[in-house]
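Just so you know, this note's numbering puts 156 at position 153 of the sequence shown, and the rest follows in order with no gaps. From the three backbone atoms N, C-alpha and C, an ideal C-beta is built for every residue, glycine too.
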Amino acid sequence: MKRLLILVLLLAWFNTQLYAVTVLLDPGHGGSDTGAKMFYSYVDKHGKKRNLHVLEKDLSLIFAKKIQEKLKKQGVLVHLSRSYDHEISLDGRAELAQKLKADLFISIHMNASTNRMSRGFETFYLDNHNDVAIKKVEDIENVGLTGDQLIIKQIITDLIVDRTAKASRLLAQTVHAKIKKKTNKSFKIKDRGIKPGLFYVLAMAKRPGILLEVSFLSNPKELKKVLTPEFQEAYSNAVVDGVISYLRK
């Protein structure tokens, strides 16, 4: 009886800890900012050819909602930076993270390249680097920044990096490992690794955070996989498992 009581108390304590955590999920782009866009042609079950216009803003929201639902079931308080298709600035997303006093910030994106052979998933966290390839991704995700914003970014990013890099790196490692486990073998999605990056939205959120690039929409084979409910479930489950594992550390 005593052991049972201790177990109940431990479970109650653990659930309280999870409920005390606030996560802000940030579906990339929205409104007139579509993000990456691709046309996908397929044959339906009736043998009729269909053409689908795939937009990054729509897919990022689909993944965010799935992750939100699953995290809530784990006892985590979760918010979305947008719950429908509308435009929100990078500053607006970061300000929401501060307003909600979010403990973690997770931005969700789809990748694209002029090279249709580019493929794989990757996870970014805020930190300095000298990688030219990563700089290209930053240019895409930081698009729309004014000169003043760039100056401010350069001044304060180093301060924020010093404060959040360690926790963000651990979050990235934990989530990425789960994604690799659930998608690398089952769906043959290439692991592009965990990488540092100077993303404005991560810097201005001023808290531990990561930016997920789910897959390459520009790669026909990966696009087909990303559109399936099976992949969407596997990926969102992986992110949730990663977040929960991080919270337990």
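Could you please give the first and the last residue of the uninterrupted beta strand (DSSP E) stretch that includes residue i?
i	result
Met113	Leu107 to Asn114
Gly212	Gly212 to Phe219
Gly200	Asp194 to Gly200
Please tell me whether residue i has its Cβ less than 8 Å away from any Cβ of chain D.
i	result
Ser221	Of the protein chains in the structure, only one exists, and it is not chain D.
Starting from the C-beta of residue i, find all residues in its chain whose C-beta is less than 6 Å away, skip the five residues before and the five after it, and write them out in chain order.
i	result
Leu93	Tyr203 and Val204
Phe108	Leu27, Ala100, Ala208, Arg210 and Gly212
Glu225	Arg122, Ser218 and Phe219
Can you tell which of the options has its C-alpha closest to the C-alpha of residue i?
i	options	result
Ser218	Tyr238, Ser86 and Gly123	Gly123
Phe190	Thr231, Arg172, Leu214 and Ala168	Thr231
Arg96	Lys76, Ile197, Asp29 and Val178	Asp29
Which residues in the same chain have their Cβ closer than 7 Å to the Cβ of residue i, if we skip the five residues on either side of it in sequence?
i	result
Ala136	At Ala136, the pLDDT of 49 sits below 50, so the modelled position is not reliable; the number obtained from the coordinates is stated separately. Closer than 7 Å at Cβ, skipping near neighbours: no residue.
Gln235	Ile65, Phe66 and Lys69
Asn187	Asp194
So the alpha helix (DSSP H) residue i belongs to, where does it begin and stop?
i	result
Asp130	Unbroken run through Asp130: none, as it is neither H nor E.
Ala245	Going by the sequence as given, residue 245 is Gly instead of Ala. It spans Pro232 to Arg251 - the alpha helix (DSSP H) in which Gly245 sits, taken as one unbroken run.
Using a 10 Å radius around the Cβ and a threshold of 16 neighbouring Cβ atoms, would you call residue i buried or exposed?
i	result
Tyr128	buried
Gly245	buried
Leu10	Here Leu10 scores only 48 on pLDDT, less than 50, and its place in the model should not be relied on; the value that follows carries that caveat. Per the 10 Å Cβ criterion, exposed.
Met113	buried
Lys181	buried
Phe17	Confidence in Phe17 is poor, its pLDDT being 49 and thus under 50, which makes the residue's placement unreliable; the coordinate value appears in the next sentence. Phe17 should be labelled exposed.
Using C-beta distances below 8 Å, list every residue in its chain close to residue i, excluding the 5 sequence neighbours before and after it, in chain order.
i	result
Glu59	Gly31, His32, Thr37, Gly38, Ala39, Lys40, His112, Met113, Ala115 and Leu220
Run the proximity test for residue i: is its beta-carbon closer than 7 Å to any non-hydrogen atom belonging to the ligand SAH?
i	result
Leu93	This structure lacks the ligand SAH, and indeed carries no ligand of any kind.
Inset, instruction - List in chain order: all unbroken alpha helix (DSSP H) runs of 4+ residues lying wholly within the stretch 25 to 92. - result: 59 to 76
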